Amino acid sequence: MNRDELYLSIIDLRKRVAAVTAIISIELRCSNETPLPLNKLIEHQLQLYSELRNLLITYGSSADEIEKFDEHLHQLKIGYLLHEMNIHLPPLR
2 MNRDELYLSI IDLRKRVAAV TAIISIELRC SNETPLPLNK LIEHQLQLYS
52 ELRNLLITYG SSADEIEKFD EHLHQLKIGY LLHEMNIHLP PLR
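Each residue of the sequence shown is one higher than the last, beginning at 2 in our numbering.
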């Protein structure tokens with residue numbers, strides 16, 4: 002994959018992650034039973050994050066950037082686990 006294709010892949014994955022994250026965020030805020038398969042959306046989002054992380058490593062992102070990315074992914078996973086256990090924490094300020 003040449004550098005231009007790599008950039009386009011990273012941009013595409015970032016857009017897809019943002020779109021899926023927005024849908025999940027809306028669904029998590031809905032109080033009624035959701036018709037969307039939330040677990041499938043979350044799995045898809047985590048898969049996109051994994052692909053994006055691999056591209057960032059290939060691109061040569063700094064270790065600091067990868068670490069921040071990993072921390073964000075870890076926070077997402079914890080948030081989903083807490084939601085699954087019906088534990089709702091107030092947002093951080």
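Every residue, glycine too, gets a C-beta built ideally from N, C-alpha and C.
Note that the coordinates shown come from a computational prediction; the quantities given were computed from them, not determined experimentally.
Residue i burial status per 10 Å Cβ neighbour count (16 or more: buried)
{"i": "Leu53", "result": "buried"}
{"i": "Ile43", "result": "buried"}
Residue i to residue j span [Cα, whole Å]
{"i": "His84", "j": "Ala23", "result": "16 Å"}
{"i": "Leu7", "j": "Thr59", "result": "9 Å"}
{"i": "Asn3", "j": "Asp65", "result": "24 Å"}
{"i": "Lys69", "j": "Ser62", "result": "11 Å"}
{"i": "Ile88", "j": "Asp5", "result": "43 Å"}
{"i": "Gly80", "j": "Cys31", "result": "16 Å"}
{"i": "Leu9", "j": "Met86", "result": "38 Å"}
{"i": "Lys16", "j": "Lys41", "result": "18 Å"}
Cβ shell of residue i (< 7 Å), same chain only, five flanking positions each side left out
{"i": "Ala71", "result": "As written in the sequence, residue 71 is Asp, which differs from the Ala given in the question. Hits under 7 Å: none found."}
{"i": "Tyr50", "result": "Val18 and Leu74"}
CB contact flag (residue i, residue j, <8 Å)
{"i": "Ile67", "j": "Leu57", "result": "yes"}
{"i": "Leu39", "j": "Glu28", "result": "yes"}
Close Cβ partners of residue i (< 8 Å) along its chain, the five nearest in sequence each way excluded
{"i": "Gln46", "result": "Val18, Val21, Thr22, Ile25 and Leu77"}
Residues of its chain near residue i, where Cβ-Cβ distance is below 6 Å and the 5 sequence neighbours each way are ignored
{"i": "Ile11", "result": "Leu56"}
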